[in-house]
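Residue numbers (numbering that gives the first Met the number 0), protein chains in the order written: chain A, 0 to 357; chain B, 0 to 357.
Written out below as structure tokens is the structure these notes cover.
Number of protein chains: 2
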Amino acid sequence: MLNLAIIGPGLVGSEFISQVLKSTTRTFRIIAVSNSKRMVLSQTTAPLTNSSWKTQLESPSATPTDLAKLAAHAASQQEPCVVVDCTSSDAVAECYPVWLRMGLHVITPNKKAFSGPLPLWDDIQKAAKEGKAHVFHESTVGAGLPILSTLRDLIETGDDITRIEGIFSGTLSYLFNNFSSPNPPTTPSTFSQTVSTAKSLGYTEPDPRDDLNGMDVARKVVILGRCAGIPLDLTTLHVENMVPEQLRNAPNADAFMQQLPEADAHFAKLNEDARKEQCVLRYVGCVDPNGQSSVKLAKYPLAHPFAALTGSDNVIAFTTRIFPSPLIVQGAGAGAAVTAFGMFCDLLKIDRILSPHA
Amino acid sequence: MLNLAIIGPGLVGSEFISQVLKSTTRTFRIIAVSNSKRMVLSQTTAPLTNSSWKTQLESPSATPTDLAKLAAHAASQQEPCVVVDCTSSDAVAECYPVWLRMGLHVITPNKKAFSGPLPLWDDIQKAAKEGKAHVFHESTVGAGLPILSTLRDLIETGDDITRIEGIFSGTLSYLFNNFSSPNPPTTPSTFSQTVSTAKSLGYTEPDPRDDLNGMDVARKVVILGRCAGIPLDLTTLHVENMVPEQLRNAPNADAFMQQLPEADAHFAKLNEDARKEQCVLRYVGCVDPNGQSSVKLAKYPLAHPFAALTGSDNVIAFTTRIFPSPLIVQGAGAGAAVTAFGMFCDLLKIDRILSPHA
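Spelled out as structure tokens, the structure:
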């Protein structure tokens, strides 16, 4: 049996709790839940249940959040404990080394620790070894798609990475699958109209510049690179910011959206140039062992797997010595259900090690 | 450290030995190698090396193959041992339960045990539990592609399978990607010409009827079904045999190839009918929890991911509750290097459990 300490039970965290507590083959016990303000620590005799943790977090038994106390509680139990960070907080990410050295395992979809400063990344790897603890973060790239687990297998079997290339943003996938389709409609939408539709469908961040600036994709490329043994850094990676320069200082999302049509001619020309070469536009991240890693808008031939993408799917292509024609993984790369699924897969990795005959 | 006992060191087995002995992060020791006639068992002091096992298998120290002796030798060592079955033998497959009950782990690309009689499948699962041993066979479906590991995660997290559909034969992938391309050449090849080309490239079995009868794909569908908890059986699965009835009794491969043009009109008509519906032909295997599992030639729209397939790639689409738009894995699904890679991934699964902090 594994204990779980959940930090940040929002949309993804709640879904994760719901998925793991339904497991019929393995037993997980929630011994702590904490949001940014309050936390509940279980009594040994009464683990938190799917229906009780929310109520308890709002009840008088909840105390002000203190992650040091939470970790001490988690480490004091007889059974091993996995701390599940469902936040996107830098402060929580910085706790991983301490937790790992206490022997607490960590799983998380939080990209901060793995795409932030390299010393933190290095310390996490070192702490996991020292604490004989496991840290997994499949959902930081492509949510539940088997991407980091596949990369780990490629690396640990001694394969050589030639190139890792993919579409890692559901938002930007949707945007360019529609704006630059292999089979465009007779009256195609402008770039700003396509962004506007994506925004109204809830596919973009509240301010679409947070998608268009490429930083979310950049974090995923940094994580992939580091998992492949290439010490990429967010501050030096080449990232094409698609927010037009004159719109970067627009005071808010509404002002930005109002001005965005100014950029339509620019994107229409890029699209037209691509079409002339029988290509479509896709916003891709690329890990290149030869130093040319990048995040950029690029042209792909109509027959390329990236061109045929639909909806808001993610896709990744691993080109390696053993897979000269790439190994491709494709599917939904965003959303609470698939993110929680990826975290559950990480939890299974740990439970299979600790209870191999469950 | 893990010991390895290799049975059937042919093309795949040799490649596997070569890959694992190159590992820089984990240590594996070969303590037995056996082909169908002779075997070598290591002395504790002298494990077999990449350069020595072949010589030793031909030397006077080699003894007649006796798998019971080999298993006893493997089980008598202090370290855990993985028996690696690189044969396609029914007789070797039938030994798995005994080995597992002795605590020997098993990994293999041999489909026989997992697609054969259900009682053997059941006994293997039971034996693994009783012996607290692991059995993995990723390479039985799609070689090194992360297919069975992904399916295992979907099942163990409690996701519900709606449908598993894929192109599981590199040969038949090549055949129909070329015969029924979304962008056919101006003078397309006939079906028999396409088979003939595939044969001359070494993509088919010596007798192409062994590909066209669909039995290899059927075995993979049975394995996928069983891994998904659906007890499919080779003898009752609906399998479309593409060998024309009048050619099934042709005395040999040459006679078959000579007569195959008789079937060209039939396949040309199927292709033409598909094209009229803006579709291509693909030979697919399908696992359907509602009892309609099958292996058949089917039509796919030009925009479907299966239509865009090139070369001899395999592809699999998992449609589930959590992935209503399917999770797709694609890439090379045949060849010694990728098959051995899939076996190496299985070996890592076991080593990560037994040596979690290596």
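Built from N, CA and C at the ideal position, the CB exists for glycine as well.
Given the structure is predicted, the values throughout are model-derived calculations rather than measurements.
For residue i versus residue j, is the C-beta spacing smaller than 8 Å?
i, j, result
"Ile160 (chain A)", "Cys285 (chain A)", "no"
"Gly213 (chain B)", "Asn313 (chain B)", "no"
"Ile222 (chain A)", "Phe113 (chain A)", "yes"
"Ala316 (chain B)", "Gly165 (chain B)", "yes"
"Trp52 (chain B)", "Ala70 (chain B)", "no"
"Arg208 (chain A)", "Val238 (chain A)", "no"
"Asp263 (chain B)", "Thr189 (chain B)", "yes"
"Arg320 (chain A)", "Cys226 (chain A)", "no"
"Val140 (chain A)", "Lys219 (chain A)", "yes"
"Leu10 (chain A)", "Thr156 (chain B)", "no"
"Ala217 (chain A)", "Leu246 (chain A)", "no"
"Ala339 (chain A)", "Phe27 (chain A)", "no"
"Gly224 (chain B)", "Leu231 (chain B)", "yes"
"Leu353 (chain A)", "Leu1 (chain A)", "yes"
"Leu3 (chain A)", "Ile29 (chain A)", "yes"
"Asp89 (chain B)", "Gly115 (chain B)", "yes"
"Val283 (chain B)", "Lys295 (chain B)", "yes"
"Phe343 (chain A)", "Gln76 (chain A)", "no"
"Ala61 (chain B)", "Val91 (chain B)", "no"
Name the chain A residues that come within less than 8 Å of residue i, Cβ to Cβ?
i, result
"Phe266 (chain B)", "By Cβ distance, chain A contributes nothing, its closest Cβ being about 24 Å from Phe266 (chain B), past 8 Å."
"Asp312 (chain B)", "Ser324"
"Ile327 (chain B)", "Ile327, Val328, Gln329 and Gly330"
"Asp253 (chain B)", "The premise fails here: Asp253 (chain B) is roughly 31 Å from chain A at the closest Cβ pair, so nothing lies under 8 Å."
Which bits of chain A does residue i rub up against, with CB to CB less than 9 Å?
i, result
"Leu10 (chain B)", "Within chain A, no residue comes near Leu10 (chain B); the closest Cβ sits about 15 Å away, beyond 9 Å."
"Ala307 (chain B)", "Ala302, His303, Pro304, Ala306 and Ala307"
"Pro183 (chain B)", "Simply none; closest approach about 13 Å."
"Asp121 (chain B)", "Within 9 Å Cβ-Cβ: nothing; Asp121 (chain B) doesn't reach chain A, min ~17 Å."
According to DSSP, is residue i part of a helix, a strand, or is it coil?
i, result
"His72 (chain B)", "helix"
"Gln42 (chain A)", "strand"
"Tyr173 (chain B)", "helix"
"Phe365 (chain A)", "Residue 365 (chain A) is absent from the model: chain A starts at 0 and stops at 357."
"Ala63 (chain B)", "Contrary to the premise, residue 63 (chain B) reads as Pro rather than Ala in this sequence. Looking at Pro63 (chain B) - three-state DSSP - the assignment turns out to be strand."
"Ala262 (chain B)", "helix"
"Gln192 (chain A)", "helix"
"Ser51 (chain B)", "helix"
"Val242 (chain A)", "coil"
"Gln77 (chain A)", "coil"
"Asn289 (chain A)", "coil"
"Tyr95 (chain B)", "helix"
"Ser33 (chain A)", "strand"
"Cys344 (chain A)", "helix"
"Cys226 (chain B)", "helix"
"Ala357 (chain B)", "coil"
"Ile6 (chain A)", "strand"
"Gln277 (chain A)", "coil"
"Gly12 (chain A)", "helix"
"Arg162 (chain A)", "strand"
"Lys131 (chain B)", "coil"
Along chain A, which residues have their Cβ under 7 Å away from the Cβ of residue i?
i, result
"Gly213 (chain B)", "In chain order: nothing, as chain A lies at least about 24 Å away."
"Val155 (chain B)", "It is Glu, not Val, that sits at residue 155 (chain B) in the sequence shown. Correct list: Thr24 and Leu347."
"Pro355 (chain B)", "Ile352"
"Ile160 (chain B)", "In chain order: nothing, as chain A lies at least about 13 Å away."
Show which residues of chain B have a CB atom less than 8 Å away from the CB atom of residue i.
i, result
"Gly102 (chain A)", "Ordered by position in chain B, no residue passes the 8 Å Cβ test against Gly102 (chain A), which lies about 12 Å from the chain."
"Ile321 (chain A)", "Gly143, Ala336, Val337 and Phe340"
Residue i versus chain B: which residues are under 7 Å apart at the beta carbon?
i, result
"Ile315 (chain A)", "Going along chain B, no residue has its Cβ under 7 Å from Ile315 (chain A), so there is no contact; the nearest lies around 11 Å."
"Asp210 (chain A)", "Those do not exist, as Asp210 (chain A) stays about 20 Å from chain B at its closest Cβ, beyond 7 Å."
"Asp206 (chain A)", "Per Cβ cutoff of 7 Å: no residues; Asp206 (chain A) is ~27 Å from chain B at best."
Consider the Cβ of residue i: report whether some Cβ of chain C lies at a distance smaller than 8 Å.
i, result
"Asp287 (chain A)", "Any reference to chain C falls outside this structure, whose protein chains are A and B."
How about residue i: is its Cβ closer than 7 Å to a heavy atom in the ligand ATP?
i, result
"Leu347 (chain B)", "Among the components of this structure there are no ligands whatsoever, and the ligand ATP is therefore not found."
Below 8 Å between beta carbons is the criterion; list the residues of the region 12-37 of chain B that meet it against any residue of chain A, in chain order. Gln18, Lys21, Ser22, Thr23, Thr24 and Arg25
Is it true that the region 119-129 of chain B meets the region 143-153 of chain B, where meeting means three or more beta-carbon pairs spaced less than 8 Å apart? no
Can we say the region 62-81 of chain B touches the region 27-47 of chain B, given the rule of at least three CB pairs closer than 8 Å? Touching, yes.
Given 8 Å as the limit, is there contact between the region 95-115 of chain A and the region 40-52 of chain A, that is, 3 or more CB pairs closer than that? no
Compile a chain-ordered list of the residues in the region 125-149 of chain A whose CB is closer than 8 Å to at least one CB of chain B. Lys128, Lys131, His133, Gly143, Leu144, Pro145, Ser148 and Thr149
Cβ contact check for the region 268-286 of chain B and the region 297-304 of chain B: 3 or more pairs under 8 Å: yes
Looking at C-beta atoms only, is the number of pairs between the region 249-263 of chain A and the region 180-197 of chain A that lie closer than 8 Å three or more? yes
Please list the residues of the region 329-352 of chain B that have a C-beta atom closer than 7 Å to any C-beta atom in chain A, keeping them in chain order. From the region 329-352 of chain B, only Gln329, Gly330, Ala331, Ala336, Val337, Phe340, Phe343, Cys344, Leu347, Arg351 and Ile352 have a Cβ closer than 7 Å to chain A.
Positions along the region 218-237 of chain B whose CB lies within less than 8 Å of some CB in chain A: none
What residues from the region 66-86 of chain A come within 9 Å of chain B, judged by C-beta to C-beta, listed N to C? none
Taking three-plus beta-carbon pairs below 8 Å as touching, is the region 322-329 of chain B in contact with the region 318-334 of chain A? Cβ pair count under 8 Å is three or more, so yes.
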